[in-house]
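Visitor:
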Amino acid sequence: MESEKSRKVHVPLQYVSHMSCTLCESDFSLEELGESLTCPSCGEKGILDIVYDYQEIKNNFTIEDLRSNTDQTIFRYLPLLPITQKPNIELLNVGNTPLYKALRFEQVHEGDIYIKDDGLNPTSSMKDRASLIAVVKALELGLDTICCSSTGNAASSLAGNSAKAGLDTVIFVPERAPSGKLAQLVIYGAKLIIIAGDYKATFNMSKEVINAYGYYNRNAAINPYLVEGKKTVALEIAEQLDFNIPDWVSISVGDGCSIAGVYKGFYDLLKIGFIKRLPRILGVQATGCKPIYDAFYNDGIVKEAEEDTLADSIAVGIPRNPIKALKAVKETQGEYVHVSDDEILDTIAYLGRCEGIYVEPASGAAFAGVRKAIKEGVIKSEESIVIINTGNGLKDIKSGLKAVALPTAIKPEIREVERMLL
Ligand SMILES: *Cc1c(COP(=O)(O)O)cnc(C)c1O
Ligand SMILES: [Zn+2]
């Protein structure tokens with residue numbers, strides 16, 4: 001590893017044409033960018049977007065190819081991924097999560113409601129899709145350590161996927177991260193650094209360390225490759241619905257990378273002719289932290305917000321990827337909504353008892369947002385919806401137990417039991 005570490009090669013990526021800055025809209029070839037993950041002229045705010053040669057993909061990749069592909073991981077979408085090849089080492093099996101038809105959730109709604117259960121990824125969140133790409137990029141570059149700051153899932157996911165690939169991880173988390181996620185980090189062997197401060201402070205510390213030590217940077221908004229991993233959730237949804245696109249897709253929004261990934265996946269499929277239209281995207285934020293919602297319905301400029309919600313994974317006061325997050329909703333004629341912590345907790349319990357799916361609060365927001373959008377007539381009764389479960393509730397039992405009441409222990413007597421059964 002040591003000798004390769006200094007080898008800074010430019011690796012040709014199958015169908016990637018170039019990168020485009022989301023801020024100044026300049027285009028850059030991969031050669032021009034070299035190791036830089038953001039726009040050379042705009043700096044850190046210049047988040048890059050990977051642009052593909054869609055005509056070439058169209059010529060070489062068909063729905064039939066997909067149908068006959070036995071690879072069930074996200075690498076089945078290789079022509080749409082910004083990597084040179086599927087690595088020839090065994091990695092965690094990311095993707096291929098179930099798409100359930102909801103049977104009781106909002107039963108009066110006429111249109112079909114589907115749940116994409118990404119809580120069933122190897123480390124139990126949608127972040128695995130991005131982390132696996134980070135691992136592949138680090139391997140391509142011959143780096144042996146990956147670093148990130150996270151409110152929890154990005155970190156635990158990176159730690160797990162890196163462990164499987166034999167890479168080291170240095171992880172910065174804010175103090176408020178739920179213990180389930182912290183436990184995952186330590187179990188996966190990460191070098192864990194808990195910052196006594198908020199996500200903002202945590203992010204800035206990681207940035208400093210990445211610059212100083214040359215670690216691979218998995219900070220999602222900064223690293224344009226990660227959105228490309230997240231987009232595989234949209235590719236799977238489309239494939240699972242036999243390319244019949246739903247009217248709406250709902251996802252919760254913190255930094256804005258996940259929603260950007262959902263948009264990018266459907267956009268790619270539209271560009272290569274696998275689908276005929278884009279779904280409308282419903283972005284959901286927490287009432288206690290809704291900088292992107294506010295920007296969307298005001299002047300489009302994101303201002304720093306409080307981080308006052310128990311939905312820790314979307315408590316992001318300064319979102320790092322607002323341009324892509326706003327675009328995802330604007331370009332699809334979607335909407336943003338926000339939901340309170342009470343609405344989230346109520347929905348966690350409701351979803352659990354009617355569909356058998358246990359979600360963490362940030363993920364619960366996407367479901368609560370659909371209930372609200374239906375109630376307010378934003379989503380019409382006949383419209384179909386896919387709701388993405390971005391994170392498993394078992395990571396944050398404390399919040400789950402705020403949503404429901406545990407019964408107290410009783411004496412082992414039948415009369416007592418019968419009283420409970422009433
Ligand atoms: C990270 C995360 C989100 C939001 O993703 P962003 O890219 O930060 O917008 C939503 N839900 C869960 C469970 C997450 O871990
Ligand atoms: Zn730029």
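Each residue of the sequence shown is one higher than the one before, starting from 1 at the first, in the working numbering. Just so you know, even glycine gets a beta-carbon here, dropped at the ideal spot from N, CA and C.
(1) Give every residue of the same chain whose Cβ lies closer than 6 Å to the Cβ of Leu120, excluding the five residues on either side of it in the sequence, and list them in chain order.
(2) For Ile237 and Gly180, what's the separation of their Cα atoms in angstroms?
(3) Please list the terminal residues of the continuous beta strand (DSSP E) segment that includes Thr232.
(4) Determine the closest residue to Thr424 out of Ala134, Val135, Asn161, with distance taken between C-alpha atoms.
(5) Using only the alpha-carbon positions, how far apart do Gly265 and Glu416 sit?
(6) Identify the continuous beta strand (DSSP E) that holds Cys21 and give its terminal residues.
(7) Buried or exposed: Cys24, going by 16 or more other Cβ atoms within 10 Å of its Cβ?
(8) Less than 7 Å between the CB of Ser41 and some heavy atom of ligand 2, yes or no?
(9) With a threshold of 7 Å, establish whether the CB of Cys34 neighbours any heavy atom of ligand 2.
(10) Nearer than 7 Å: is that true of the beta carbon of Gly400 relative to any heavy atom of ligand 2?
(11) For Ile210, which residues in the same chain have their Cβ closer than 6 Å to its Cβ, ignoring the five residues on either side in sequence?
(12) Under 8 Å: do the segment 69-85 and the segment 341-356 share three or more Cβ pairs, one atom per stretch?
(13) Within 10 Å of its beta-carbon, does Arg419 have 16 or more other beta-carbons around it, so buried, or fewer, so exposed?
(14) Is Val359 buried or exposed, if buried means 16 or more other CB atoms sit within 10 Å of its CB?
(15) Smallest Cα separation from Ala328: which of Glu304, Gly352, Tyr263?
(16) Tell me Lys271's beta-bridge partners as DSSP assigns them.
(17) With respect to 7 Å, is the separation between the Cβ of Asp117 and the closest non-hydrogen atom of ligand 3 below this value?
(18) Could you give the first and the last residue of the continuous beta strand (DSSP E) run that contains Gly46?
(19) Is the separation between the beta-carbon of Pro319 and that of Gly261 shorter than 8 Å?
(20) What does the alpha-carbon distance come out to for the pair Glu31 and Lys375?
(21) Where does the unbroken beta strand (DSSP E) through Glu447 begin, and where does it stop?
(22) Specify the secondary structure class of Lys5 as computed by DSSP and reduced to three states.
(23) Looking at the structure shown, is Thr287 part of a helix, part of a strand, or coil, going by DSSP?
(24) Just mark Lys398 as buried or exposed, buried being the case when its beta carbon has 16 or more other beta carbons within 10 Å.
(25) Excluding the 5 residues preceding and the 5 following Asp308 in the sequence, name in chain order all residues of the same chain whose CB lies nearer than 7 Å to its CB.
(26) Does Val339 pass the burial test, meaning 16 or more other C-beta atoms within 10 Å, or should it be called exposed?
(27) If we call anything under 8 Å between Cβ atoms a contact, is Gly152 one with Asp312?
(28) Taking C-beta to C-beta, are Leu132 and Gly229 nearer than 8 Å?
(29) Can you give, in chain order, each stretch of the beta strand (DSSP E) that sits fully within the segment 99-174 and has at least 3 residues?
Guide: According to the data block:
(1) Thr97
(2) 28 Å
(3) That residue, Thr232, is in no beta strand (DSSP E); its alpha helix (DSSP H) goes 232-240.
(4) Residue 424 lies beyond the residue range present for the chain, which begins at 1 and ends at 422; the question has no answer from this structure.
(5) A direct Cα-to-Cα measurement between Gly265 and Glu416 gives close to 55 Å.
(6) Where Cys21 is concerned, the enclosing beta strand (DSSP E) stretches over 16-21.
(7) exposed
(8) yes
(9) The sequence given here places Gly at residue 34; Cys does not occur at that position. Incorrect: Gly34 has no Cβ contact closer than 7 Å to ligand 2.
(10) No, ligand 2 has no heavy atom inside 7 Å of this Cβ.
(11) Cys147, Asn217
(12) Counting C-beta pairs closer than 8 Å gives fewer than three between the segment 69-85 and the segment 341-356, which falls short of the contact rule.
(13) exposed
(14) buried
(15) Tyr263
(16) Partner(s): none; Lys271 has no beta bridge.
(17) Ligands in the displayed structure: ligand 1 and ligand 2; ligand 3 is not one of them.
(18) 43-52
(19) no
(20) 50 Å
(21) Residue numbering for the chain in the displayed model covers 1 to 422; residue 447 lies beyond these limits and cannot be assessed.
(22) Its pLDDT being 39, under 50, Lys5 is placed unreliably in this model, and the coordinates cannot settle the point.
(23) coil
(24) Residue environment: Lys398 is assigned as exposed (fewer than 16 neighbouring CB atoms within 10 Å of its CB, all protein chains considered).
(25) Gly288, Cys289
(26) buried
(27) Yes; because the gap between Cβ atoms is below 8 Å, this pair is in contact.
(28) Their beta carbons are under 8 Å apart, which means Leu132 touches Gly229 by this criterion.
(29) Secondary structure remark: continuous beta strand (DSSP E) runs of at least 3 residues inside the segment 99-174, in chain order: 99-101, 113-117, 145-149, 168-174.
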